[in-house]
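To start, the structure itself, in structure tokens.
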Amino acid sequence: MDIRSLDDGAEQHGVLPARDAERSEHSIYDYAGGAPQGFQQRQHRALAPIGVFDSGAGGLTILTALQQELPNEHFIYLGDTANCPYGTRSEEEIIELSLRNSRYLIDQGVKLIVVACNTASQASLSVLRSTFSIPFIGVVPAVKPAARLTRRGRIGIAATNQAIKASYLRHLIDDFASDIQVYAVGCPQLVTLVEQGELNGPHVDSVLRDALQPLIDKEIDVLVLGCTHFPALRPAIAQIMGKQVQIIDSGSAIARRAHAILDTDGLARPLNGLEGSTSIWCSGDAEEFSRVASTVLGYAIQARQSTFEPADQ
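Numbering (this note's numbering), first residue to last: 1078 to 1390.
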């Protein structure tokens, strides 16, 4: 295995990774406590919404995939904008924030939670599964399909600084890309672009080129978007990387997995010919998040502010 971090500040950590669905049937998607018991209870819970949380606007790309896969379901989305970005925080902080976000969504009566953040998934899934009894689905970096797609044997991973340093990613590469060259680069500036609602234009192109140039120089032919913010920038990224580079993320796979869990556990909302609803919350400025979220989603939304207080900086 040849993995090379292109972030000079990257360090190795001795933290065991959250288990990855590509490595085990019982994995990052699992949940403690088993499925709800009793037909009536399942029937009641089937009507409940699905919870989705992220550090900010990035998870909206996962929400879009979920809505496309499960148009009949109701969703509650929480963007923890008061504490964004997670990629610059410690693992302990990320776990605490993830626990708090999950409690908030569970208080709203959700039946399943999608952790729509790579950094939070890697740091907190094991803790969330052992703390709460509802299903959790985490975001899995698309290393396995990237290894299958590459023809040059050279793939790139763009993620947050925290994500590329995690032993989780290294274990994933050991399992599925040990015979190819993998280059990882931290791109926190891309998170900033999305959180500001900047998805195109000369400034965006300049920032993307600076961030991705190390991967361009390595002549990769597959780029893994290892942060859920990054698919919002996909058209601009594709323009920078060129037609010879395939760009992949895990949004569709996560949505399919959610569908499968709902079907298996009898939690799918009964089909009634009506589309589900979506409510969007944030822990920071609701007016600003409404603007950014509307840009990312491509249609106007009105976010509401939760009662969260910003975490200690």
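Each residue gets a CB set at the ideal place from its N, CA and C atoms; glycine is no exception.
Is it true that the CB of C1359 sits closer than 8 Å to the CB of T1158?
Yes, the pair counts as a contact, with Cβ atoms nearer than the cut-off.
Tell me which residue opens and which closes the beta strand (DSSP E) that S1167 is part of.
Run containing S1167: none; DSSP gives neither H nor E here.
Just how far apart, CA to CA, sit R1381 and V1369?
Each residue's alpha carbon lies about 13 Å from the other.
Local Cβ density within 10 Å of Q1321, reported as buried at 16 or more and exposed below that
Exposed.
Assigned secondary structure, Q1379 (DSSP; H/G/I helix, E/B strand, else coil):
The DSSP-derived three-state label of Q1379 is coil.
Are there 16 or more other CB atoms within 10 angstroms of the CB of R1247, so buried, or fewer, so exposed?
Under this definition R1247 is a buried residue.
Specify whether the segment 1339-1352 and the segment 1123-1135 touch according to this definition: at least 3 beta carbon pairs, one from each stretch, less than 8 Å apart.
Yes, since at least three Cβ pairs between the segment 1339-1352 and the segment 1123-1135 fall closer than 8 Å, the two stretches touch.
Could you spell out where the alpha helix (DSSP H) holding F1152 opens and where it closes?
That residue, F1152, is in no alpha helix (DSSP H); its beta strand (DSSP E) goes 1152-1156.
Here's the rule: buried if 16 or more other CB atoms are within 10 angstroms of the residue's CB, otherwise exposed. What is N1238?
N1238 is buried by the Cβ-count criterion.
What are the start and end residues of the beta strand (DSSP E) that includes F1213?
Taken as a continuous stretch (DSSP letters only), the beta strand (DSSP E) holding F1213 covers 1213-1215.
Quick check on the DSSP output: what are the complete alpha helix (DSSP H) runs of length 4 or more inside the segment 1290-1320, in order along the chain?
Correct list: 1311-1318.
Residue range of the alpha helix (DSSP H) that D1340 falls in?
Counted as a single uninterrupted DSSP element, the alpha helix (DSSP H) harbouring D1340 occupies residues 1328-1341.
Buried/exposed call for Q1266, threshold 16 Cβ in 10 Å:
Burial call: exposed.
Expressed to the nearest angstrom, what Euclidean distance is found between the alpha-carbon atoms of A1200 and P1212?
Distance from the CA atom of A1200 to the CA atom of P1212, rounded to whole angstroms, is 17 Å.
Three or more C-beta pairs under 8 Å: does that hold for the segment 1178-1189 against the segment 1255-1263?
Too few Cβ pairs lie closer than 8 Å, so no.
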